[in-house]
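The opening residue of the sequence shown carries number 3 in the working numbering; numbering runs sequentially from there.
These notes concern the structure reproduced below.
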Amino acid sequence: MIPSQVLAKVFDESQGKIQLEERHRSRTSFTTCGVDISWFGTAREMFHGIIGAVVGHRNAYKRRKVLHRDVSDGNTIFLVDTISAESAVPPRPEGAEKEWTPMRNGVASDWGSATDCLEPGGEASLPRTGTLPFESNASMLNTEVEFYHDLESYFWLAYLITCNCAGPFNMRRDW
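Structure, rendered in structure tokens:
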């Protein structure tokens with residue numbers, strides 16, 4: 003019987019056997035709330051949020067040697083105070099200037115595919131993970147995982163959001 007913690011199968015072509023890769027799923031609850039990065043008010047706010055996520059990603063790698071490895075539009079969020087309609091679409095304050103824009107901070111979420119690069123084997127032994135439209139070119143070629151591959155994923159995130167959103171607050175283009 004296969005343990006419930008085993009979530010992925012890896013096919014070993016050299017031996018023609020299926021080897022099971024052990025993975026553990028865990029959930030953690032936080033009091034921090036967030037909304038999807040596509041709920042931006044202006045392009046300026048969207049890039050501000052992506053830059054915040056990149057800074058957090060950099061800090062995780064530089065301070066703790068942790069790589070996120072799954073950058074996507076669902077894993078990059080704006081921090082909000084509460085889960086409410088006003089948090090998703092912030093109201094314009096009275097007396098605000100014409101150029102006013104909401105400036106919510108962005109963070110990387112869902113660190114479930116993250117890897118601690120200080121563990122034995124390091125970055126060279128990591129399997130390929132990620133969300134396909136946002137993956138770096140090098141990671142699709144199964145090359146050694148590097149810090150800048152996740153940064154390339156943030157580039158693809160910004161590019162695809164600007165191509166697929168017709169306007170603010172999750173107004174998606176109908177292709």
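The beta-carbon is built from N, C-alpha and C at its ideal position, and this holds for glycine as well.
Per-residue DSSP class, three states only, for residue i
i           : result
residue 79  : strand
residue 164 : helix
residue 105 : coil
residue 27  : coil
residue 152 : helix
residue 147 : coil
residue 55  : helix
residue 110 : strand
residue 157 : helix
residue 95  : coil
residue 88  : helix
residue 137 : coil
residue 100 : coil
residue 42  : coil
residue 32  : coil
residue 122 : coil
Whole-Å CB distance - residue i paired with residue j, under 8 Å assumed
i           : j           : result
residue 38  : residue 163 : The Cβ separation is near 10 Å, so there is no contact.
residue 82  : residue 66  : Contact flag wrong, Cβ pair sits at about 26 Å.
residue 136 : residue 73  : 5 Å
Residue i vs residue j beta-carbon contact at 8 Å
i           : j           : result
residue 160 : residue 49  : yes
residue 191 : residue 109 : Any answer about residue 191 is impossible in this case: the structure gives the chain only from 3 up to 177.
residue 43  : residue 104 : yes
residue 52  : residue 156 : yes
residue 117 : residue 69  : yes
residue 172 : residue 40  : yes
residue 132 : residue 175 : no
DSSP bridge partner residues for residue i (one or two, in chain order)
i           : result
residue 174 : 167
residue 69  : 117
residue 37  : 80
Practice task
Count the CB pairs spanning the stretch 91-99 and the stretch 136-147 that are closer than 8 Å, and state whether there are at least three.
Solution key: Judged by Cβ distances under 8 Å, the stretch 91-99 makes no contact with the stretch 136-147, as fewer than three pairs qualify.
Exercise for the section: Could you tell me whether the stretch 60-79 touches the stretch 99-113, where touching means 3 or more Cβ pairs closer than 8 Å? Expected result: Short answer: they touch.
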